[in-house]
Amino acid sequence: KAGVTQTPRYLIKTRGQQVTLSCSPISGHRSVSWYQQTPGQGLQFLFEYFSETQRNKGNFPGRFSGRQFSNSRSEMNVSTLELGDSALYLCASSSDPNTEAFFGQGTRLTVV
Amino acid sequence: ELKVEQNPLFLSMQEGKNYTIYCNYSTTSDRLYWYRQDPGKSLESLFVLLSNGAVKQEGRLMASLDTKARLSTLHITAAVHDLSATYFCAVDEDNDMRFGAGTRLTVKP
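Protein chains in written order, with the numbering used here: chain E, 2 to 113; chain G, 2 to 110.
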């Protein structure tokens, strides 16, 4: 059974640009969550989607957005990138929101 | 606001020794998770604790949950080098999962 797949694995962007990250959950999983991991702030919850609906959102500015498609794949978008957005972005999927979550390998975003 | 506090944040152990990592949280949630992260890697699920008094063991690791004390522990028995990693606890409340800061464990020969 394939795990959670995140693409791309690495990304370098310039300040002011926008970026889209993709996450394909484990087959059959309908819940997808996104997290930002930085050395200073640790793991922070971005948002959670279930059946194409955003169920919860963390304390991040509106530049961070996401969506989920009917096949449960999810994307997150960050607009007007700032240096502080450099981080490892992790996606996790679960069969439903209250069960064990499985994480992807992450996308390491560097903003220069 | 849901807060999750782990201690210690850094732990250096000798092989063969025992130690406990603590995870305190501020909510009444009864869903607590432990994850392991190796450097440069993603998070690996270790334990899912879903009720008061839950105890789970896998190899040299044992996790427990006391929802009344809002405390979970991860006990390490007879540590080996392969256990060196960062360990996170996470608490789920209303679809909002909050992670502790992590405990960076180093096991030395």
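Beta carbons: idealized from backbone N, C-alpha and C, even for Gly.
Boundaries of the beta strand (DSSP E) harbouring GLY43(E): 43-51, taken from the DSSP string. Sequence-distant Cβ neighbours of SER65(G) in its own chain, meaning closer than 6 angstroms and more than five residues away, are VAL56, THR74.
When CB distances to chain G are screened at a threshold of 7 angstroms, the residues of the region 16-34 of chain E falling below it are SER34, in chain order. When 7 angstroms is used as the limit between beta carbons, GLY43(E) is near these residues of chain G: PHE100, ALA102, GLY103, in chain order. Burial check for LEU47(G): the Cβ neighbour count within 10 Å reaches 16 or more, so the residue is buried.
Relative to the Cα of SER94(E), the nearest Cα in the group GLN19(E), LEU110(E), SER23(E) belongs to SER23(E). Any Cβ of chain E closer than 8 angstroms to the Cβ of LEU75(G) would place that residue at the interface, and such an atom is absent. The alpha-carbon of THR87(G) is positioned some 31 angstroms away from that of GLY63(E). Setting aside the 5 residues that flank it on each side, ARG61(G) is surrounded in the same chain by ILE77, THR78, ALA79, ALA80, VAL81, LEU84, each with a C-beta closer than 8 angstroms to its C-beta; the list follows chain order. In the DSSP assignment, LYS18(G) falls outside any beta strand (DSSP E), carrying neither H nor E.
Three or more pairs of CB atoms, one per stretch, sit closer than 8 angstroms, so the region 39-55 of chain E contacts the region 64-78 of chain E. With a cutoff of 8 angstroms on beta-carbon distance, GLN106(E) and GLN7(E) are scored as near each other. When C-beta distances to chain E are compared with 8 angstroms, the residues of the region 18-48 of chain G below that value are ARG32, TYR34, TYR36, LYS42, SER43, LEU44, GLU45, SER46, in chain order.
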